[in-house]
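Taking it in order: structure first as structure tokens, then the write-up.
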Amino acid sequence: MECKLDVTLLQDLLEGVIDPIEKLFVEEHLKTCKQCRKELAELKLLFWDLNDKANYDTSLPTELEHIKGALLEEFAAIPTKNTTAIVLDVHRKNARSAGMFLDYMPGVKASNELVKKGVRTAPSALGKVSKALVKGTRLLLAE
Amino acid sequence: MDSSDAGILKIYKKNKHQGLDLLYERYKKYVYTIAYHYAGNREDALDLTQEVFISIFKSLDNFKVEFSLLPWVKRITVNKSLNFLRDKKETLSLDQTNENGSSIQDTIRSSEDTESQLIYLDTKQSLHKSIKSLPPKERMVIILRHMKGLKYDEIAKTMDIPLGTVRTLLHRGRKNIKASMKEDGIWEG
Ligand SMILES: [Zn+2]
């Protein structure tokens, strides 16, 4: 005979979020229902794997560093030299790295957006650089 | 308020660059791992991570010091993930090469080589595959509950959905994952 127990109760039992009365009922039911005992055993294996932290170990890609660099430059560039020097410096750096960096960095769309927004709010020196960067990326994306 | 968070905000007020740097370092792993398990691949996860931090950096000036950063970061990560749309047309092709001549695909492949050395790869891989194939909200509740260990009411708050919905989504998500992992023969022998 097919068992009619709501199997989601077995998940709630393992999670400890089951209503006390339902818990008594389910435990009684398990004594006589082989099918549910099998389901519970499988669920235990599932919960073991789901809760095993090792299953979610993720290596952090180096691109995260590039993203940080780009974001910090956009949101909090360090003004160490006079404006002209900054423009030239950043410009030179961009010219050197933009091609390579934007080529493989995922989220080019997002960073373009960021750069465009940056143009609106950034001080004029950075604005110029951002515009140059936007142009640069457009060229790269054109193909 | 977490003391490290308070410290970061204090530094941020004095030195924006340093504050943002510390904030990024403190939360990059948190944000990236959720993004990675939600998006299912590192490329999209990096996109997502960047979006999340843009959003955080933009509104940090308005952040009230008396609140903790973590719930806020969590919420932004979850919302950005759920709204994440893949626009294939505008993303770069994987076959495109950079100026060193190596394709994006190569870069991805080489960085994933290390993972294949793990012995429990089969379970891990099957779990990933199963989570990846879940509908977005089921995927997110599973990640928050089982990977991040959030309580049911925390999930409801973070995702802005009723508690009953959290339960239902978890039930369905686990049922689907179980079926999928069983199909992969994970618990045999
Ligand atoms: Zn039964």
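Chains as they are written, first to last, in our numbering: chain G, -7 to 135; chain F, 323 to 511.
We put the CB at the ideal spot given by N, CA and C, even for glycine.
Per the coordinates, the alpha-carbon of G:Asp41 lies some 44 Å from the alpha-carbon of F:Asn337. G:Pro53 has a beta carbon lying within less than 8 Å of a beta carbon in chain F. Look at G:Asp11: its C-beta is not under 8 Å from any C-beta on chain F. One thing to note: G:Cys28 has its Cβ no nearer than 8 Å to the Cβ of G:Leu6. For G:Phe67, the residues of chain F that pass the 7 Å Cβ criterion are Leu342 and Phe379, in the order they occur in the chain. By the CB criterion at 8 Å, G:Leu2 and G:Glu31 fall inside the cutoff. For the 8 Å CB-CB criterion, F:Ala367 and F:Thr399 do not form a contact. Cβ contact annotation for F:Tyr346 (same chain, cutoff 8 Å, sequence separation greater than five): Phe375, in chain order. Between G:Glu(-6) and F:Asp475, the alpha-carbon positions lie close to 34 Å from each other.
Here the alpha carbon of F:Ala361 sits roughly 16 Å from the alpha carbon of F:Lys396.
The three-state secondary structure of F:Ala478, taken from DSSP, is helix. For ligand 1, no non-hydrogen atom lies closer than 7 Å to the CB of G:Gln3. Summarising the contact set, residues whose Cβ lies nearer than 7 Å to any heavy atom of ligand 1 are, in chain order, G:Cys(-5), G:Leu(-3), G:His21, G:Cys25, G:Gln27 and G:Cys28. Close partners of F:Thr355 in chain G (Cβ separation under 7 Å): Tyr48 and Thr50. Within a 10 Å sphere around the beta-carbon of F:Leu449 sit 16 or more other beta-carbons, which makes this residue buried. Considered as a whole, the region -7 to 76 of chain G harbours 0 to 7, 12 to 24, 26 to 43 and 55 to 68 as its complete alpha helix (DSSP H) runs of no fewer than 4 residues, in chain order. For the 8 Å CB-CB criterion, G:Glu34 and F:Lys500 form a contact. Setting aside the 5 residues that flank it on each side, F:Leu391 is surrounded in the same chain by Asp327, each with a C-beta closer than 6 Å to its C-beta; the list follows chain order. The beta carbon of G:Lys15 does not come within 8 Å of any beta carbon belonging to chain F, so the residue lies off that interface. When the five nearest sequence neighbours on each side are left out, the beta carbons in the same chain lying within less than 6 Å of the beta carbon of F:Leu491 are those of Lys459, Glu460 and Val463, in order along the chain. Going by C-alpha positions, F:Leu382 is about 15 Å away from F:Arg348. Under the three-state reduction of DSSP, F:Val387 is assigned to coil, being neither helix nor strand.
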